[in-house]
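Using the numbering used here, the letters of the sequence shown map in sequence onto residues 18 to 346. Positions of the beta carbon are idealized from the N, C-alpha and C atoms, including for glycine. Here the structure is a predicted model, which means the values were calculated and not measured. I have placed the structure first, in the form of structure tokens, so that the comments after it can refer back to it.
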Amino acid sequence: MISLRTLGLAAALTVSGLFASTAFADPLKVVLLVPGHANDGSFNQVAREAAEKLQKSGDIKFELREAMADPSQSEPVIRQYAAKGYDLIIGHGIELSEPILKIAKDYPKVHFAASGGPDLADRLLPNADGWTYDFGQQGYLGGFIAGKMAGVETVGMVGGPELAFVKASHNGFKQGLKEGNPAAKTIETYTGSFDDAQKAAEVTRGMIAQGAKLVWTSGDGIGNGVAAAAVQDGAVTIGVTGEAGGNAAKVNVASIVLDMYPTYKTYVDDIKAGTFGKKFLVSGIANKGLVMTKINAVGEKLPDDLNKQVDALVADLASGKVKLPNFFQ
Numbered sequence: 018m019i020s021l022r023t024l025g026l027a028a029a030l031t032v033s034g035l036f037a038s039t040a041f042a043d044p045l046k047v048v049l050l051v052p053g054h055a056n057d058g059s060f061n062q063v064a065r066e067a068a069e070k071l072q073k074s075g076d077i078k079f080e081l082r083e084a085m086a087d088p089s090q091s092e093p094v095i096r097q098y099a100a101k102g103y104d105l106i107i108g109h110g111i112e113l114s115e116p117i118l119k120i121a122k123d124y125p126k127v128h129f130a131a132s133g134g135p136d137l138a139d140r141l142l143p144n145a146d147g148w149t150y151d152f153g154q155q156g157y158l159g160g161f162i163a164g165k166m167a168g169v170e171t172v173g174m175v176g177g178p179e180l181a182f183v184k185a186s187h188n189g190f191k192q193g194l195k196e197g198n199p200a201a202k203t204i205e206t207y208t209g210s211f212d213d214a215q216k217a218a219e220v221t222r223g224m225i226a227q228g229a230k231l232v233w234t235s236g237d238g239i240g241n242g243v244a245a246a247a248v249q250d251g252a253v254t255i256g257v258t259g260e261a262g263g264n265a266a267k268v269n270v271a272s273i274v275l276d277m278y279p280t281y282k283t284y285v286d287d288i289k290a291g292t293f294g295k296k297f298l299v300s301g302i303a304n305k306g307l308v309m310t311k312i313n314a315v316g317e318k319l320p321d322d323l324n325k326q327v328d329a330l331v332a333d334l335a336s337g338k339v340k341l342p343n344f345f346q
């Protein structure tokens, strides 16, 4: 027998569902906070481009706040937009995760999105989603390509801060390089910054002087410095994103780049459906959150079938046929 309580609950859920589907008829009001500059050709820019795409389609109207890496600066900004009743506040970058989660507790009717490593999944809230990307896949694909390049015996590796997720990407690269060329040696340096292109250039020149014919970078603004040094000193690169001041076309073989649109579209759809909250999204090859660029034939001769080999690996990663280890260990 169905009780009145059950009927009442069903009615409430029905009304709730109707509300969820109609409460956001207009574009969502969104603010996107990025730690650096949104024209960096890398991590910050892909977030801006995804938001612009959603705005163009009429899903959102968004504001952009740049240079929000310092929590003492980002926290009052986040609180300001939450108090205004914005529908979604996105903190794009690990530097913004703590302020996002802290303020989300005070505004349960506002939706928040934080970024971080795998540990973020355990700290989410009913009104806060989390996001990361598959660092191992990103690194592994780059390493595999590096290992297939003729004449490359020593490979430079330039990273930003020595954080767990950056190290996971580096571990993935080493594994991919080993698959492609077990005899290859690596020279590895962490610059301590995601954006210090000058320091990255200095490090890259030092690696080239030690015999590195190819230098890989785990990404962000430091890639501009890696590319500039490679052009100057006669090496090639993997992992440089964007145009890098025109240098990428001259030296960069390939990159595995982020596409934030699938993630941001999921946020918007879930908010409108009333299902947003406490979800941890991972950008990877399978969901097209990580995308392989076209291979650029620069530097040493590439194998004739390199594109075919890479396409096969991408397909196997997407299907799950190839399973990578946990590179955080």
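(message) Within a Cβ cutoff of 6 Å, which residues of the same chain sit near V339, ignoring the five residues on either side of it in sequence?
(response) If you number the sequence shown from 1, residue 339 lands on position 322. Result list for V339: D333, in chain order.
(request) Go through its chain and collect everything with a Cβ distance to N56's Cβ below 7 Å, but skip five positions before and after it. (result) Reading the sequence shown from its first residue, position 39 is the one you call residue 56. Closer than 7 Å at the Cβ level, and outside the excluded window around N56, lie Q62.
(request) Might you give, ordered along the chain, the residues of its own chain that have their beta carbon closer than 6 Å to the beta carbon of G301, omitting 5 neighbours on each side? (result) Taking the first residue of the sequence shown as 1, we reach residue 301 at position 284. Counting only Cβ-Cβ distances below 6 Å, and skipping sequence neighbours, we find D151, Q154, L307.
(request) Go ahead and pull the three-state DSSP assignment for M224. (result) Counting from one through the sequence shown, the residue named residue 224 turns up at place 207. Correct three-state label for M224: helix.
(message) Let me make sure I understand the geometry here. Which of G240, K165, E196 has the alpha-carbon closest to that of Q215?
(response) Translated into positions along the sequence shown, residue 215 becomes position 198. That would be G240, whose Cα lies nearest to the Cα of Q215.
(request) Express the C-alpha separation of A131 and V299 in angstroms, rounding to a whole number. (result) Taking the sequence shown and counting its residues from 1, the one referred to as residue 299 is at position 282. Taking the sequence shown and counting its residues from 1, the one referred to as residue 131 is at position 114. Distance between the alpha carbons of V299 and A131: 12 Å.
(request) Mind reading off the beta-carbon distance from L45 to V285? Whole number of angstroms is fine, and I expect it under 8 Å. (result) Here residue 45 refers to the residue found at position 28 of the sequence shown. Here residue 285 refers to the residue found at position 268 of the sequence shown. With a Cβ gap of about 6 Å, L45 and V285 count as contacting.
(request) Please report the residue range of the alpha helix (DSSP H) in which A121 lies. (result) Locating residue 121 in the sequence shown gives position 104, counting from the first residue. 114 to 121 is the extent of the alpha helix (DSSP H) around A121.
(message) Suppose you measure from the CA of T258 to the CA of G160; what does that come to, to the nearest Å?
(response) What you label residue 258 is simply residue 241 of the sequence shown in a count that begins at 1. What you label residue 160 is simply residue 143 of the sequence shown in a count that begins at 1. Distance between the alpha carbons of T258 and G160: 16 Å.
(message) My output table needs one value for Y150: the three-state DSSP class, helix, strand or coil.
(response) Stepping through the sequence shown from its first residue, residue 150 is reached at position 133. Three-state DSSP puts Y150 in a strand.
(message) As a quick exercise: from P52, A290, D43, G242, pick the residue whose alpha carbon is nearest that of G75.
(response) Taking the sequence shown and counting its residues from 1, one reaches residue 75 at position 58. When each option's Cα is compared against that of G75, the closest is D43.
(message) I'd like to know if the segment 132 to 140 and the segment 227 to 239 are in contact, where contact means that at least 3 CB-CB pairs between them fall below 8 Å.
(response) no
(message) Please classify N264 as buried or exposed, where buried requires at least 16 neighbouring CB atoms within 10 angstroms.
(response) As a working mapping, residue 264 is identified with position 247 in the sequence shown. Counting Cβ neighbours within 10 Å, N264 comes out buried, since at least 16 surround it.
(message) Does the segment 275 to 284 come into contact with the segment 201 to 218, if we say contact requires no fewer than three beta-carbon pairs (one atom in each stretch) closer than 8 Å?
(response) no
(message) For K122, which residues in the same chain have their Cβ closer than 8 Å to its Cβ, ignoring the five residues on either side in sequence?
(response) Within the sequence shown, the letter at position 105 stands for residue 122. Excluding residues within five positions, the ones whose Cβ falls inside 8 Å are L142.
(request) Assign P199 to buried or exposed, taking buried as 16 or more other Cβ atoms, counted over all protein chains shown, within 10 Å of its Cβ. (result) Reading the sequence shown from its first residue, position 182 is the one you call residue 199. Exposed, by the Cβ-count rule.
(message) Just to confirm the assignment, what range does the alpha helix (DSSP H) spanning S272 have?
(response) Indexing the sequence shown from 1 puts residue 272 at position 255. Careful: S272 lies outside any alpha helix (DSSP H) and carries neither H nor E.
(message) Considering only DSSP beta bridges, list what T206 is partnered with.
(response) For this step, residue 206 is matched to residue 189 along the sequence shown. Answer is V175.
(request) Output yes or no for whether 8 Å exceeds the beta carbon distance between F60 and L275. (result) Residue mapping note: residue 60 aligns to position 43 of the sequence shown, counting from 1. Residue mapping note: residue 275 aligns to position 258 of the sequence shown, counting from 1. Yes, the Cβ-Cβ distance between F60 and L275 is below 8 Å.
(message) According to DSSP, simplified to helix, strand and coil, what is F293?
(response) Within the sequence shown, the letter at position 276 stands for residue 293. DSSP places F293 in coil when its eight states are reduced to three.
(message) Please tell me whether G176 and L341 are closer than 8 Å, where the distance is taken between their beta carbons.
(response) Residue numbering aside, residue 176 sits at position 159 when the sequence shown is read from its first letter. Residue numbering aside, residue 341 sits at position 324 when the sequence shown is read from its first letter. No. Outside cutoff.
(request) Please list, in chain order, all residues of the same chain as D87 whose beta carbon is under 8 Å from its beta carbon, the five residues on each side excluded. (result) In the sequence shown, residue 87 corresponds to position 70, counting from 1. Hits under 8 Å: E112.
(message) Using the three-state DSSP reduction, which class does L81 fall into: helix, strand or coil?
(response) Locating residue 81 in the sequence shown gives position 64, counting from the first residue. L81: strand per DSSP, three-state reduction.
(message) For D104 and K289, what's the separation of their Cα atoms in angstroms?
(response) Start at 1 with the first residue of the sequence shown, and residue 104 comes out as number 87. Start at 1 with the first residue of the sequence shown, and residue 289 comes out as number 272. Using only the alpha carbons, I get a separation of about 10 Å.
(request) Return yes when the Cβ of A246 is within less than 8 Å of the Cβ of R222, no when it is not. (result) The residue labelled residue 222 in the question sits at position 205 within the sequence shown. The residue labelled residue 246 in the question sits at position 229 within the sequence shown. In this structure, A246 lies closer than 8 Å to R222 by Cβ.
(message) In the DSSP assignment, the alpha helix (DSSP H) including S89 goes from what residue to what residue?
(response) Along the sequence shown, one-based indexing puts residue 89 at 72. Its alpha helix (DSSP H) spans residues 88 to 100.
(message) M224 and G164 - do their beta-carbons sit closer together than 8 Å?
(response) Locating residue 164 in the sequence shown gives position 147, where the first residue counts as 1. Locating residue 224 in the sequence shown gives position 207, where the first residue counts as 1. Going by C-beta atoms, G164 is not nearer than 8 Å to M224.
(message) In whole angstroms, give me the CA-to-CA distance for H128 and W148.
(response) Walking along the sequence shown from the start, residue 128 turns up at place 111. Walking along the sequence shown from the start, residue 148 turns up at place 131. So the two alpha carbons sit approximately 14 Å from each other.
(message) Within a Cβ cutoff of 7 Å, which residues of the same chain sit near E205, ignoring the five residues on either side of it in sequence?
(response) Translated into the one-based positions of the sequence shown, residue 205 becomes position 188. Excluding sequence neighbours, E205 sits near M174, H187.
(message) Quick check on the DSSP output: the alpha helix (DSSP H) that includes V63 runs from which residue to which?
(response) Counted from its first residue, the sequence shown places residue 63 at position 46. Taken as a continuous stretch (DSSP letters only), the alpha helix (DSSP H) holding V63 covers 60 to 73.
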